[in-house]
Structure formats: C-alpha cells, structure tokens
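Numbers in the numbering used here are just positions in the sequence shown, counted from 1, shifted up by 687.
Backbone N, C-alpha and C define an ideal beta-carbon position, used for all residues, glycine too.
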Amino acid sequence: MKSLLNNFNSIRTKISDRHFVTKKKVIKWTAVLLAFAMMNLTFGCHNYFKVTSSARPTSETIAEMNDNGKAIIVHFNQKKWLLTHVEVKNNTVTARMNEYQMPPTFKPVKPGKPNRYIARPPQSQRYLLNEVHLYLDEFIESDNMKISIPVSSINKIEIYDKDTVPTVGSYLLGTLIYGAPYTLFPIIVWIFKIPVGLSGFQ
C-alpha cells in the first residue's frame, strides 16, 4: 500500500513538473510576442512626407505657395535660408533672408520616395509638411538681408507634403503586429495543451 502511494505521488509530481515547464514556455513565448509588438508599435509606426519636384517654376506657382502660407526656403552654394516678407511681382521674388534653424532630416531628402519625419513632440518635424524649397542659380542681395530673385534664376522647386499612403500603411502594419500576441496566445495555449481556466495556470 505504501509503495502504491509513493508511485501515485511520483506520478503526480511528474505531471505537476511538466505542467509547470509548459506554463513557463507559454509565458516565455507570450512575453517575446508582447515585447516584439511593443517595439514595433514604438519604432515601426512611422510618418512620411513626399517631395514633388519640378524644374523652372513659374511666378504664379511661387505666388500660390506663398499665398497658401508655405514656408519658402532658398538654396544657394550648399547654404539655405528661410524667406520672410515674400512678394512676387514682375517675375521677381523679393524677400528678407533669415537663417534656417530647423534640424536636419533623418536622411537626405529624396524626391519621388517616402521620406520619414518625427510627428511627436518634443522633436516634432511637422514643419516639414509646410515647406517649399527653391534652388537658385543666382540672386541679388541688398542691405538688411533683403534679396531679389529673378524667377528665371530658380532652377528647381521642391514642395513638401504629407505622404498619406505609406504613413497609413505603416500604422496599419504596426497595429496588426501589436494585436498579433493576443491572437497567437490562445493558439500557443492550444499547442501546449494547457487549459487556461485551470487553477494551476492562474
């Protein structure tokens, strides 16, 4: 009788140990999935802007950008300035030059491709969505940082806008991966054949 009782206790211990090991496997894999999902939600959901580029813009295009409240930045000899008090008359842009003080983008901006920007404070780069960049062959500078730019000397214009498709796609992918652990958890439980409702798992 004593031997039978010992055998029963031994079997119960083995079952309990195996159940404990299996629970640890489930917890381990679930933790891995949750960590991966949180990393993707934090680092995988990106915001993008697009760059529409064209050569030799017209004075009407520049005037329209200015009327729409776009920030106009000019480039010349590897330097750039922000223009204020912009006026477009007689195929000439007149303005005041100011030092461009915004931080650089993650990577060099590429027209025709999604370009990433930070959307959340404190390092938000949403200002990029309001920028227009003019690349100059020449300009005339007068006193007090005032300049005069013949429209014919503007060799290229780049208009920055939000790139909706890759931005939405990035967030959808992040959301799907974030929800994956909640979908996979019952599958993992089923694979390891653990009844979730058992008191031993709680």
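Near residue i, which residues of its chain fall below 7 Å by C-beta distance, leaving aside the five closest residues on each side in sequence?
| i | result |
| --- | --- |
| Ser840 | Leu823, Asp824, Glu825 and Phe826 |
| Pro744 | Ile841 and Ile844 |
| Met789 | Tyr814 |
| Asp850 | Tyr735, Phe736, Lys737 and Pro801 |
In three-state DSSP terms, what is residue i?
| i | result |
| --- | --- |
| Thr748 | helix |
| Asp830 | helix |
| Tyr814 | helix |
| Asp754 | helix |
| Val796 | coil |
| Met726 | Residue confidence for Met726 is low, a pLDDT of 49 falling below 50, so the modelled location carries little weight and cannot support an answer. |
| Pro809 | coil |
| Pro837 | strand |
| Lys689 | In this prediction, Lys689 has a pLDDT of 48, which is less than 50 and means its spatial position is unreliable; what the coordinates show is noted afterwards. In the structure shown, Lys689 sits in a helix (DSSP, three-state: H, G or I). |
Given a cut-off of 9 Å, decide if residue j and residue i are closer than it, judged by their beta-carbon atoms.
| i | j | result |
| --- | --- | --- |
| Asn785 | Thr792 | no |
| Ile834 | Ile749 | no |
| Ser746 | Val838 | yes |
| Tyr787 | Leu815 | no |
| Gly854 | His772 | Sequence inspection shows Thr at residue 854; the Gly mentioned does not correspond to that position. Result no, Cβ atoms of Thr854 and His772 do not sit closer than 9 Å. |
| Arg783 | Asn817 | no |
If you drop the 5 nearest sequence neighbours on each side, which residues of the same chain put their C-beta closer than 8 Å to that of residue i?
| i | result |
| --- | --- |
| Tyr811 | In the sequence as presented, Tyr is not what sits at residue 811; that position holds Ser. If we look at Ser811 and ignore the five residues flanking it on each side, its Cβ neighbours are Ile805. |
| Lys767 | Ile760, Val761, Tyr787 and His820 |
| Pro808 | none |
Over what stretch of residues does the beta strand (DSSP E) that includes residue i continue unbroken?
| i | result |
| --- | --- |
| Thr739 | Asn734 to Ala742 |
| Asp848 | Ile841 to Lys849 |
| Tyr787 | That residue, Tyr787, is in no beta strand (DSSP E); it is neither H nor E in DSSP. |
| Phe825 | A small fix is needed here, since residue 825 is Glu in this sequence, not Phe. That residue, Glu825, is in no beta strand (DSSP E); it is neither H nor E in DSSP. |
| Asn802 | Asn802 to Tyr804 |
Sorted by chain position, which residues of the same chain lie with C-beta nearer than 6 Å to residue i's C-beta, five sequence neighbours on each side aside?
| i | result |
| --- | --- |
| Met752 | Val819 |
| Glu774 | Thr781 |
| Ile836 | Val780 and Phe826 |
| Asn778 | Ser746 and Val838 |
| Phe763 | Leu823 |
| Ile846 | Thr739 and Val819 |
| Pro798 | Val738 and Ser740 |
I'd like to confirm something about residue i: is its beta-carbon nearer than 8 Å to some heavy atom of the ligand MN, or not?
| i | result |
| --- | --- |
| Glu786 | The ligand MN is not part of this structure, which contains no ligands at all. |
Report yes or no: is there a C-beta of chain B within less than 9 Å of the C-beta of residue i?
| i | result |
| --- | --- |
| Asp824 | Among the chains in the structure shown there is no chain B, since it carries only a single protein chain. |
Three or more C-beta pairs under 8 Å: does that hold for the segment 731-738 against the segment 755-766?
no
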